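Trainee: One structure, as structure tokens, below. Some questions next.
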Amino acid sequence: MTDLQLDFDALRTARTRVDDALSTFESAGTVGGDLAGLTGEDRLAGKVRDFADNWDYNRGKLTEKLQFLRDGIDAIVDSMTEVDAELARQAQEAAPETQNDGEGEG
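Each residue of the sequence shown is one higher than the last, beginning at 85 in the numbering used here.
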């Protein structure tokens with residue numbers, strides 16, 4: 085039988101980092117309209133608005149992917165924690181049987 089080992093600390097650290105990135109992207113807000121007006125030049129203002137709109141769109145897409153990644157990490161940790169607990173329970177239940185088999189010998 086092959087052992088499966090997961091580093092839960094590493095998974096929790098990864099989740100924290102994903103949460104941090106997610107918070108940063110979600111709190112960034114939109115700035116294109118404010119900055120565009122400060123350029124003082126219509127063509128440049130249009131370019132700033134285009135860039136800001138593109139950034140907002142792609143930031144939204146990245147936010148969705150980070151949420152998906154966070155949810156995936158949570159699912160892995162939750163599922164594997166449940167599996168580990170169930171295997172431990174089964175091992176505990178099986179342990180008295182093997183201990184009783186050895187009793188009386190000696």
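We put the CB at the ideal spot given by N, CA and C, even for glycine.
Just so you know, these numbers come straight off a predicted model, no measurement behind them.
Let me know the secondary structure DSSP gives Gln89 once reduced to three states.
Mentor: By 1-based counting over the sequence shown, the position of residue 89 is 5. Note: Gln89 maps to coil in three-state DSSP.
Trainee: Can you tell me which of the three DSSP states Thr147 falls into?
Mentor: Indexing the sequence shown from 1 puts residue 147 at position 63. In this structure, Thr147 counts as helix in the three-state DSSP scheme.
Trainee: Applying the criterion that 16 or more other CB atoms from any shown protein chain within 10 Å of the CB defines a buried residue, is Leu150 buried or exposed?
Mentor: By one-based count along the sequence shown, residue 150 stands at place 66. Buried is the call here.
Trainee: By alpha-carbon positions, which one of Asp118, Ala112, Leu153, Asn142 ends up nearest to Arg133?
Mentor: Residue numbering aside, residue 133 sits at position 49 when the sequence shown is read from its first letter. Nearest C-alpha to Arg133: Asp118.
Trainee: Is Gly130 helix, strand or coil by DSSP?
Mentor: Indexing the sequence shown from 1 puts residue 130 at position 46. Helix at Gly130.
Trainee: Go through its chain and collect everything with a Cβ distance to Arg99's Cβ below 8 Å, but skip five positions before and after it.
Mentor: Taking the sequence shown and counting its residues from 1, one reaches residue 99 at position 15. Arg154, Ile157, Asp158, Val161.
Trainee: Take Ala193 and list the residues in its own chain whose beta-carbon comes closer than 7 Å to its own, dropping the five residues that flank it on each side.
Mentor: The structure shown has nothing for residue 193, since the chain only spans 85 to 190.
Trainee: For Thr86 and Thr147, what's the separation of their Cα atoms in angstroms?
Mentor: As a working mapping, residue 86 is identified with position 2 in the sequence shown. As a working mapping, residue 147 is identified with position 63 in the sequence shown. So the alpha carbons of these two residues sit roughly 37 Å apart.
Trainee: For Asp126, count the other beta carbons within 10 Å of its own beta carbon; 16 or more makes it buried, fewer makes it exposed. Which is it?
Mentor: Here residue 126 refers to the residue found at position 42 when the sequence shown is read from its first residue. It counts as exposed.
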